[in-house]
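Comments concern the structure below.
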Amino acid sequence: MPYTLWNERAIAPWAVVGLLGMSVAMGGCAGTRKPAAGDAGLPPSYQVAQLGNNSPTVSSAAGRDLSTASDETELQKRARIRMELALGYYGRGQLTTALDEVKQTIALDDRMPDAFELRGLIYDALNEPRLAEESFKRALQFDERNGSVLHNYAWFLCRRQQYAAADAYFARATELAITAATPKAFLARGVCQMQAGLIPDAEKNLLRSYELAPSNPATAFNLALVLYRKGDYDRARFYIRRVNGMPEQANPESLWLGIRIENKLGNMNERTELATQLRSRFPNGREVTALELGRFDE
């Protein structure tokens with residue numbers, strides 16, 4: 002369960018599942034390209050959960066009922082079924098099949114923002130950035146306040162080092178009403194700002210994410226990393242110990258960050274204890290090599 006920077010593997014994508022009540026996690030499949038870090042191929046333990054708006058569709062007319070399945074036209078029902086199939090294939094890493102189902106969805110109903118969003122995620126995973134960006138923009142044309150699309154498009158831009166543009170979309174996502182997905186938006190924004198070298202901004206947004214979801218180890222790790230880079234080692238120690246204090250959460254990167262923090266603080270006993278854990282649990286990790294070479298500051 003790698004953290005890497007607890008950025009790409011931990012942050013993206015939010016995906017469209019909030020609109021259909023599904024959850025997906027990428028896998029490999031013959032004939033498809035397994036998504037790289039930053040796509041949907043996320044470690045299950047700490048991925049930024051793939052959540053959408055989770056909001057029911059409500060008519061704007063006063064006194065109207067909530068939309069339910071019985072209100073669907075036959076075309077809308079067929080489009081929804083195609084969309085569910087597309088999400089299923091996408092979740093199994095069958096990207097070309099998922100793309101074909103999305104195309105059929107759009108042919109049936111070309112005003113579904115979640116279909117264009119999923120098309121963007123698929124094109125991104127297939128390394129077609131121009132088509133992916135076009136799809137995300139099309140989805141936002143239908144719903145400019147869709148938090149899921151804003152999140153995924155912002156992360157797409159961040160991974161291409163378009164930091165200013167990414168932050169603008171993250172800002173829009175984090176300004177929406179708080180939902181279960183809001184902490185992930187703050188987490189993603191903070192990590193992107195950290196990549197851009199905006200350490201104070203990254204700290205602020207990661208702290209906000211931590212306030213909203215203190216049990217998320219991805220947030221605790223990234224917050225500790227930001228504070229370590231800032232030189233605030235005592236506070237960094239507090240957050241990384243929240244991760245490493247639970248064996249099921251600790252991994253090579255979190256243990257290595259803990260070692261580096263203890264080394265900065267001159268706590269040799271604690272450093273030795275964490276080093277012992279790292280060697281025994283992850284003997285083949287690159288972090289063990291760095292430890293043996295004494296590369297604490299790299």
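Just so you know, we're using this note's numbering here: the sequence shown kicks off at 2 and counts up by one.
Ideal Cβ placement from N, Cα and C applies to all residues, glycine included.
Give me the Cα-Cα distance between residue i and residue j, rounded to the nearest whole angstrom.
i, j, result
"residue 105", "residue 158", "27 Å"
"residue 299", "residue 257", "11 Å"
"residue 290", "residue 253", "11 Å"
"residue 279", "residue 135", "44 Å"
"residue 266", "residue 178", "40 Å"
"residue 282", "residue 219", "20 Å"
"residue 89", "residue 133", "19 Å"
"residue 237", "residue 77", "51 Å"
"residue 292", "residue 241", "18 Å"
"residue 137", "residue 100", "14 Å"
"residue 196", "residue 229", "14 Å"
"residue 1", "residue 247", "Residue 1 lies beyond the stretch modelled for the chain, which goes from 2 to 299, so this question has no answer here."
Give the C-beta separation of residue i and residue j to the nearest angstrom, bearing in mind that I take them to be a contact with Cβ-Cβ under 8 Å.
i, j, result
"residue 123", "residue 170", "Not confirmed; about 19 Å, so no contact."
"residue 232", "residue 207", "Not confirmed; about 16 Å, so no contact."
"residue 307", "residue 126", "Lying before the first or after the last residue shown, residue 307 is absent from the chain, which here runs from 2 to 299."
"residue 234", "residue 200", "About 14 Å separates the two Cβ atoms, so there is no contact after all."
"residue 167", "residue 155", "5 Å"
"residue 227", "residue 189", "That belief does not hold up - the Cβ atoms of residue 227 and residue 189 are roughly 14 Å apart, past 8 Å."
"residue 73", "residue 87", "No, residue 73 and residue 87 are not in contact; Cβ-Cβ is about 17 Å, not under 8 Å."
Would you mind working out which of the options sits nearest residue i, comparing C-alpha positions?
i, options, result
"residue 296", "189, 107 and 264", "264"
"residue 274", "260, 89 and 77", "260"
"residue 180", "164, 189 and 213", "213"
"residue 80", "93, 99, 113 and 98", "113"
"residue 294", "276, 198 and 84", "276"
"residue 128", "255, 215, 204 and 160", "160"
"residue 250", "270, 217, 281 and 238", "217"
"residue 272", "284, 286, 245 and 285", "245"
"residue 175", "196, 195, 215 and 209", "209"
"residue 163", "269, 130, 146 and 292", "130"
"residue 84", "145, 108, 243 and 69", "108"
"residue 286", "270, 255 and 269", "255"
Review point. For the segment 221-235 against the segment 170-187, are there 3 or more C-beta pairs whose distance is under 8 Å?
Key: Touching, no.
Given 8 Å as the limit, is there contact between the segment 117-124 and the segment 133-150, that is, 3 or more CB pairs closer than that? Counting Cβ pairs under 8 Å, three or more are found: they touch.
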